[in-house]
Structure formats: structure tokens, C-alpha cells
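Trainee:
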């Protein structure tokens with residue numbers, strides 16, 4: 001099987017600004033590996049007595065009524081299967097694609113299960129799955145379904161998915177703030193200024209097309225970006241420029257961090273941008289901004305030095321934080337320095353430094369910028385209140 005072409009990858013990243021493209025994109029991924037279709041699941045286990053399974057995105061080839069009906073009838077069976085797949089694939093950063101042979105000793109035994117029989121009635125006889133978000137295992141569970149004629153996933157198909165899925169993971173990660181925005185507002189372009197995250201669209205030559213208020217503020221205040229005399233976006237520090245130029249050279253250079261795409265951000269790496277967590281994705285179309293054909297990029301920048309509303313209870317659950325660690329994350333999310341936190345908590349700076357270092361290690365983060373980006377991806381409100 002050939003490596004997926006670049007257009008599939010570009011189509012994946014266009015979903016960041018337009019989630020309505022996911023059904024068609026998942027169809028393309030399914031065709032690339034000879035599958036019937038693909039589904040992205042989310043698990044809501046906030047109430048252990050009323051767990052919920054959702055499928056926010058699935059192939060256009062699938063009937064939404066049938067997908068919803070399957071989830072309603074077989075949520076518990078699917079929860080059990082998802083738990084097994086997670087146990088086989090949740091470690092490390094790399095995305096591991098797991099076949100359904102892990103669900104039962106023999107496929108014949110698996111085929112006798114009620115949920116498997118229901119899928120078989122609709123032509124699905126084999127499945128494979130992967131965890132696309134290892135920071136929050138309840139999100140972004142990928143599932144691909146195969147027919148009897150096709151048989152189990154092959155090694156070549158597994159390799160093809162291993163190339164594609166890191167881009168799916170990154171697109172889902174970057175799309176979360178925009179998903180919040182589209183839920184609150186009808187017009188995406190008109191509402192961009194309500195985001196707490198900076199957004200800038202550029203052409204392939206880095207010519208700025210548009211930017212929201214937050215990105216413009218960062219450009220003026222943070223000393224990381226600037227608009228050159230020709231109207232192109234540039235970065236001041238040489239290491240940052242090198243990163244920007246590399247990330248705007250080839251779409252296949254994205255998705256390098258597997259199921260932890262926040263590690264790809266500038267600011268979570270060795271660079272000079274300090275408190276900014278800057279992420280880039282390719283963009284071929286931005287209909288909401290009047291750019292139907294665009295060989296460009298979208299840049300997303302979170303200023304981790306500014307206060308960010310977080311769901312600390314959710315964060316504590318996902319990252320298994322103690323009360324003290326949770327309070328510390330809350331103070332960091334207020335934009336406080338370690339010295340300011342030491343004053344607030346009446347502890348020495350050395351003690352706070354040690355606590356922050358321990359927290360970074362526990363959360364698998366290189367620095368506090370990456371930690372706040374991680375926290376934001378789990379439980380932040382990216383959309384400002386109307387009165388703000």
C-alpha cells in the first residue's frame with residue numbers, strides 16, 4: 001500500500017476551521033485503507049452510573065440514525081471494547097493502531113457478541129481502534145471498520161493509518177477552541193475576536209490574510225511575531241524563525257508528536273517565544289473568511305501568561321492531581337510567576353520551584369507553557385463571556 005498522498009493530510013487540517021468537513025475526510029481515510037468507514041468516539045464518564053458514549057464525527061457513508069441507534073443500544077459493550085483497546089495503546093506518545101483480535105481469544109467468539117452481530121448486519125465484521133489523545137483518554141478515540149470480504153486490517157493498512165492518524169489527532173486538538181466558538185456563535189469569522197486564543201491566517205508566502213484581536217495583541221505585546229514591510233508574518237528570534245519556516249514548508253512535517261500534539265507547539269520546545277504556545281496547521285480552504293482556495297496556514301497562539309478559566313475538577317480527574325497540585329495549576333493558569341505564587345501561598349520560592357518541577361514531570365510537560373497548553377486542551381473555556 002502506498003503512503004497516503006499529501007491531499008489527504010491537507011483535507012484533514014481543513015477540518016480545524018470547518019468541522020463539517022469531517023464526514024468526507026473520514027470517508028477518504030477509510031478508502032485509503034479499504035475500510036467501510038471510520039468513527040471518532042468520545043467517552044463521558046463524569047457520572048459512573050450514567051456513562052455516555054458519543055460519536056461527534058463519522059464517515060459520510062454511515063447513516064446517522066444507525067450510528068446513534070448502535071451507540072444507544074450497545075454503549076456498555078463499546079465502553080468495554082474501548083477500555084481494552086486503551087490498555088493496549090495508551091502508553092507513550094506514538095499512536096498505536098490495535099486490531100479487534102485483542103477483544104477475544106478467537107474471532108468466532110467475538111462474532112457471537114450482540115454488538116458484533118448488530119454490526120455484521122450492516123456489513124461490519126472487523127474493526128481496529130486507536131487512542132488519539134493520550135493526555136485525555138476520554139477524547140478522540142478512533143475506530144475503523146472493515147467488511148467480511150476485506151478481512152482483518154493488514155500490516156500495510158496499519159502502516160498507512162500510522163501515517164495518517166497523527167494528523168487527525170492534531171486537527172482534533174487544534175479544532176477544540178473553534179468547536180467551542182461555533183457552539184456559541186453562528187458566524188465563525190465574525191466571532192473570532194471572542195476567542196482567548198490568537199488566530200492568524202497566512203498565505204503560503206506568510207502574507208497575513210487576517211488575524212483576530214488576541215493575535216494582534218500578542219503581536220504587539222509579546223515581541224515574538226511581527227509583520228514585515230511586505231505584510232508577511234515573521235518571528236524575531238532565529239530559532240523561532242527556523243521553526244516557522246519548517247512548519248510552513250511541507251504538510252507532512254506536521255503531526256510529529258503522535259497522540260500528544262501539544263508537544264509540537266513552539267513554546268513547549270527549545271525556542272525563544274517564552275509564554276506563548278504557538279501551533280500551526282496547513283490550510284487549503286477557509287470559506288468562512290472568503291478564501292475558498294488558499295495555499296496557506298492557520299496559526300494558533302495561546303498566551304499562557306494571561307489568566308485562563310479552567311475546569312480544575314475535570315483537570316484533576318484527567319491528570320490524577322492531588323488537591324495541592326490542582327490548586328497550583330489554578331495559580332499558574334492565573335498567569336502568576338513562581339515568586340508571586342510563593343507570596344500567595346506563603347511558601348519559599350525554592351519550595352514552589354520544586355513543586356512546579358514535580359508537577360511538570362507528572363504531567364509529562366517540558367515547561368510551564370506546555371503545561372498550561374495541556375491544561376487548556378482538557379478543561380479551558382476558550383470563548384470569552386459576552387460581557388468581557
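In UniProt numbering, the protein residues as written are 1 to 388. Note that beta-carbon positions come from the ideal geometry of N, C-alpha and C, so glycine has one too.
Could you check what DSSP says for residue 111 in three-state terms: helix, strand or coil?
Mentor: helix
Trainee: Is the number of C-beta pairs between the stretch 142 to 155 and the stretch 337 to 356 that are closer than 8 Å three or more?
Mentor: no
Trainee: Comparing C-alpha positions only, which one of 136, 245, 124 sits nearest to residue 316?
Mentor: 136
Trainee: Kindly list the residues whose CB is nearer than 7 Å to the CB of residue 266, restricted to its own chain and excluding five residues on each side of it in sequence; keep chain order.
Mentor: 240, 243, 273, 278
Trainee: Using a Cβ-Cβ cutoff of less than 6 Å, which residues in the same chain neighbour residue 198 once the five nearest sequence positions on both sides are dropped?
Mentor: 214, 215, 218, 301
Trainee: When the Cα atoms are used, what is the spatial distance from residue 390 to residue 112?
Mentor: The first residue shown for the chain is 1 and the last is 388, placing residue 390 beyond what the model contains.
Trainee: Leaving aside the five residues before and after residue 312 along the sequence, list all residues of the same chain whose C-beta is less than 6 Å from its C-beta, in chain order.
Mentor: 326, 330
Trainee: For the beta strand (DSSP E) containing residue 145, name the first residue and the last one.
Mentor: Counting along the chain, residue 145 sits inside the beta strand (DSSP E) bounded by residues 141 to 146.
Trainee: Identify every run of the beta strand (DSSP E) within the stretch 10 to 75, keeping only runs that are complete inside it and at least 3 residues long; order them along the chain.
Mentor: 37 to 44, 52 to 58
Trainee: Between which two residues does the beta strand (DSSP E) holding residue 95 run?
Mentor: From DSSP, residue 95 is part of no beta strand (DSSP E); its letter is neither H nor E.
Trainee: Looking at the secondary structure, which residues open and close the alpha helix (DSSP H) in which residue 325 lies?
Mentor: 323 to 333
Trainee: For a quick check, are the C-beta atoms of residue 95 and residue 333 less than 8 Å apart?
Mentor: no
Trainee: Pick from 365, 361, 369: whose alpha carbon is nearest that of residue 337?
Mentor: 369
Trainee: Have a look at residue 84 and residue 322 and give me their C-alpha separation to the nearest angstrom.
Mentor: C-alpha separation (whole angstroms): 27 Å.
Trainee: Going straight from the alpha carbon of residue 201 to that of residue 335, what length do you get?
Mentor: Taking the straight line joining both Cα atoms gives about 27 Å.
Trainee: Taking the straight line between their C-alpha atoms, what separation do you get for residue 159 and residue 35?
Mentor: 14 Å
Trainee: By how many angstroms is the C-alpha of residue 78 removed from the C-alpha of residue 155?
Mentor: Each residue's Cα considered, the two are about 24 Å apart.
Trainee: Does the Cβ-Cβ distance between residue 129 and residue 98 come in under 8 Å?
Mentor: yes
Trainee: Mind checking if residue 370 is an interface residue toward chain C, Cβ cutoff 8 Å exclusive?
Mentor: Of the protein chains in the structure, only one exists, and it is not chain C.
Trainee: Rounding to the nearest angstrom, what Cα-Cα distance links residue 177 and residue 383 in this structure?
Mentor: Between the C-alpha atoms of residue 177 and residue 383 there is a straight-line separation of about 8 Å.
Trainee: Beta-carbon separation of residue 406 and residue 138 under 8 Å?
Mentor: There is no way to answer for residue 406, as the model of the chain reaches only from 1 to 388.
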